[in-house]
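Trainee: Questions regarding the structure given below will be posed in turn.
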Amino acid sequence: MTRNSYRVAAAFAATTFAASIALFAAAAPASAVGGNCSAELYKKSVIGLDHFQSRAICTSLQGDSKARPKLVRNGGPDYTGPWFTALNVIRSTDFYTCYAGCSAAYEIAPV
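Going left to right, the sequence shown walks through residues 7 to 117 as my numbering numbers them.
Right under this line is the structure:
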């Protein structure tokens, strides 16, 4: 190998090493996302079709987590309430009709 070939090889190795370090740093995991939450379905009886609401509460949230209530409607769009990070506070969706049934759930996501 010539002197110039050694320089090219060294530059390539340094670039490859720097790129692998950058990729490793970018792939480092963020803080954990999760929590201890529960949801319940609340029914409000009205004349005609009943109305339903999902209520969620979290007793703990990990790291940079947020949660929100979700009303899962069979045969229709799901509805969600606002994101929250407060613990031991009930949060709820608005009231909606559920023609084919529905259930209560919650979602947890990174802040």
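Here a beta-carbon is modelled for each residue, glycine too, at the ideal position from N, C-alpha and C. Predicted, not measured: the structure shown is a model, and the values here were computed from it.
Buried or exposed: which applies to Q68, given that a residue is buried once 16 or more other Cβ atoms fall within 10 Å of its Cβ?
Mentor: That one is exposed.
Trainee: Which value, in whole angstroms, describes the spacing of the CA atoms of R79 and W89?
Mentor: 19 Å
Trainee: Closer than 8 Å by C-beta to A106: which residues in its own chain qualify, once you throw out the five before and the five after it? Chain order, please.
Mentor: Apart from the 5 residues on each side of it in sequence, A106 sits with its Cβ closer than 8 Å to the Cβ of R79, N80, G81 and G82 in its chain, given in chain order.
Trainee: DSSP state of G41, grouped into three classes?
Mentor: strand
Trainee: Cutting at 6 Å between CB atoms, please list the residues of its own chain near K49, excluding the five before and the five after it.
Mentor: D56 and F58
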